[in-house]
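Enquirer:
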Amino acid sequence: MNVNAPELDDRAVLELISAHARRRPPRGIVFEVTEAVFAEFRAQQPRVRETDPDEIAEINSLLGTHFEPDDLFLSGAPVCDICTRALSMVDVVRSGLDRHGEDFVRSALLGPSFIIQIAAPESALDVVCPTCGNVNKLPQGADPLSGSDGGTAHTYFGAKYGYA
Ligand SMILES: [Zn+2]
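Position 89, counted from 1, in the sequence shown is what our numbering calls 228; the numbers after and before it change by one each time, with no gaps.
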């Protein structure tokens, strides 16, 4: 859904998107937003799990990208259901590649547009644990802005794409 027209008020668009993140739409919504709205929404997310330089290097080698450490983060600290290993942005990217392919992941993370995807409450992010192979179904939950419980645990952001 396109809400990046210059006539729209940034604060009003942010409120619209945040309200959908709190109430959760019956089906996922993809909002195409301006850079300013994207930056502000991204800044509102808790940055619980930063992506360290080694992980960034691995992601860049997987995707042929040039991300900096600040570009990618998880808003929570998800762990594997079975072995409790901490799951990272590398695991999210690898799982995305397995599931959707390189073109999809690259275009999701690199644009050309600024995208905020608000997931339905029952949607789950599938993240494969590299230690034990378990496919973790990380539920999106209710409020992505409420802290590290519930939805926040499973929100992730790139430089031009956010899944909340
Ligand atoms: Zn595991």
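Cβ atoms here follow ideal geometry from the backbone N, Cα and C, with glycine treated the same way.
Predicted model only: the values in this text are computed from it and were never measured.
Going by the CB atoms, is the gap between Leu248 and Gly297 shorter than 8 Å?
Expert: Residue numbering aside, residue 297 sits at position 158 when the sequence shown is read from its first letter. Residue numbering aside, residue 248 sits at position 109 when the sequence shown is read from its first letter. By the CB criterion at 8 Å, Gly297 and Leu248 fall inside the cutoff.
Enquirer: According to DSSP, simplified to helix, strand and coil, what is Ala247?
Expert: Along the sequence shown, one-based indexing puts residue 247 at 108. In the structure shown, the three-state DSSP call for Ala247 is helix.
Enquirer: I want to see whether chain C comes within less than 8 Å of Phe180, judged by CB atoms only; does it?
Expert: Among the chains of the structure shown, chain C does not appear; only one protein chain is present.
Enquirer: Relative to ligand 1, is the shortest distance from any of its heavy atoms to the C-beta of Arg224 smaller than 7 Å?
Expert: For the purposes of this step, residue 224 is taken as the residue at position 85 of the sequence shown. Yes, since a heavy atom of ligand 1 falls inside the 7 Å radius drawn around the Cβ of Arg224.
Enquirer: Compute every distance between the C-beta of Ile221 and the non-hydrogen atoms of ligand 1, then say whether any falls below 7 Å.
Expert: Position 82 of the sequence shown holds residue 221. Yes, the beta carbon of Ile221 sits closer than 7 Å to at least one heavy atom of ligand 1.
Enquirer: If we ignore side chains and look at the alpha-carbon of each, how far apart do Gln256 and Ile168 end up?
Expert: Position 117 of the sequence shown, counting from 1, holds the residue named residue 256. Position 29 of the sequence shown, counting from 1, holds the residue named residue 168. Those two C-alpha atoms are separated by around 6 Å.
Enquirer: Does the distance from the C-beta atom of Thr173 to that of Asp148 stay below 8 Å?
Expert: To locate residue 173, count along the sequence shown from 1; it is residue 34. To locate residue 148, count along the sequence shown from 1; it is residue 9. Not closer than 8 Å, so no.
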